[in-house]
């Protein structure tokens, strides 16, 4: 066996391994965009009861959702990009109606219909998917489409 | 003590309890909007290596990210709303540059810089936050701002 064969094999394998990154295993942050952060705080913190973990007036408010952080931004500010050379966060920002779905048990869904209705938030849709999981849809005050759904919609046995 | 006091207390407590829903404990779905779904599949499935779990041509492609589902939609289609009376998903859809961050270890971040660079995807920013966690930023082909970050950015000890 020609030893150069081994050399060629090693050369062929190295770039292949470098390309095989492990796929992302988990989400760390997701974002929605809102035009009025004070209104958003009243909604996400007050009505939904999420735990606020960071806040910069007129720019953003962040909430913890289990192992994920929900970022709410005023896109007018985040589209400017960062002026901090040590933390050069790239510009971003969207307009329109984004979408998020929170996980909820059947009993929690029932309680949320009552809670949202009491708070004057209309339930825009309420139905069961073909696999039996129930979803309810409503909107934040910026028009983003929010949902509570049973996790078995996607994950059998959960 | 007048027994009617107990009655009044009970009446006062019941509506209060109905208002106190448990805050959402976890995210189930998040969404980004893209103008070209075939291009998005090549990026999210091909380059990032995410596991595809659903696909409707010209409307959406969904990926699993641990216990969360990442929904990629063409907003031109989702803004139309549903024509299925049994599954009346409300209209939604955004334009501009959304944002998501994937969780990655220090070693995975290192591998992703190589993998993205090899794939011709520029690293737009690469820095350490004040608490030491590293983030890298890049964009999908629709312009959404994507990030890999060490989870200790938000969750100490992780």
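Chains as they are written, first to last, in the working numbering: chain A, 326 to 483; chain B, 326 to 483.
All C-beta atoms, glycine included, are put in the ideal place defined by N, C-alpha and C.
For residue 389 (chain B), the three-state secondary structure derived from DSSP is strand. Only those residues of the segment 407-425 of chain A whose C-beta falls short of 9 angstroms from the nearest C-beta of chain B are listed: 407, 411, 412, 413, 414, 415, 416, 417, 418, 419, 420, 421, 422, 423, 424, 425. If you ignore the 5 residues before and after residue 476 (chain B), its C-beta comes within less than 7 angstroms of the C-beta of 428, 483, all in its own chain and listed in chain order.
Residue range 431-443 is occupied by the alpha helix (DSSP H) that includes residue 435 (chain B).
Bridge partners of residue 373 (chain B) according to DSSP: none are assigned. Annotated as distal: residue 366 (chain A) and residue 394 (chain A), with beta-carbon spacing of 7 angstroms or more. Residue 460 (chain B) sits away from residue 417 (chain A), with the two beta carbons spaced by 7 angstroms or more. For residue 419 (chain B), same chain residues with a beta-carbon under 7 angstroms away, outside a window of 5 residues either side, are 358, 400 in chain order. Taking 7 angstroms as the CB threshold, residue 369 (chain A) stays off the interface with chain B. Inter-residue distance for residue 379 (chain A) and residue 388 (chain A) is about 7 angstroms (C-alpha atoms, whole angstroms). Put simply, the CB of residue 374 (chain A) is near chain B, with a gap under 7 angstroms to one of its CB atoms. Here DSSP, grouped into helix, strand and coil, assigns residue 475 (chain B) to coil.
The Cβ of residue 391 (chain A) sits closer than 7 angstroms to at least one Cβ of chain B. Secondary structure of residue 368 (chain A) (DSSP, three-state): helix. Shown here for residue 467 (chain B): same chain residues with a beta carbon closer than 6 angstroms to its own, the five before and five after excluded, namely 359, 360 in chain order. Put simply, the backbone Cα of residue 430 (chain B) is about 11 angstroms away from that of residue 478 (chain B). For residue 458 (chain A), no alpha helix (DSSP H) segment is defined, and its DSSP state is neither H nor E. Within the same chain, 463 come within 7 angstroms of residue 447 (chain A) by CB-CB distance, once the 5 residues on both sides are set aside. For residue 355 (chain A), the uninterrupted beta strand (DSSP E) segment begins and ends at 352-358. The beta carbon of residue 354 (chain A) sits closer than 7 angstroms to some beta carbon of chain B. Using a Cβ-Cβ cut-off of 8 angstroms, residue 450 (chain B) is close to 413, 414, 415 of chain A, given in chain order.
Within the same chain, and ignoring the five residues on either side of residue 407 (chain A) in sequence, the residues whose Cβ sits closer than 7 angstroms to its Cβ are 413, 414.
The residue among B:434, B:439, B:409 with its C-alpha nearest the C-alpha of residue 453 (chain A) is B:409.
Pairing residue 346 (chain A) with residue 436 (chain B) gives a Cβ-Cβ distance under 7 angstroms. The continuous beta strand (DSSP E) containing residue 420 (chain A) extends over residues 418-422. Classified as exposed, residue 377 (chain B) has fewer than 16 neighbouring CB atoms from the shown chains inside 10 Å of its CB. Rounded to whole angstroms, the gap between the alpha carbons of residue 465 (chain A) and residue 386 (chain A) is 15 angstroms. Contact of residue 477 (chain A) with chain B is not assigned, every C-beta pair being separated by 7 angstroms or more.
Within chain B, no residue has its beta carbon less than 9 angstroms from that of residue 380 (chain A); the closest one is some 14 angstroms off. For residue 450 (chain B), there is no enclosing alpha helix (DSSP H); the enclosing beta strand (DSSP E) has its first and last residue at 450-453. Residue 433 (chain B) counts as buried, since no fewer than 16 other beta carbons sit within 10 angstroms of its beta carbon.
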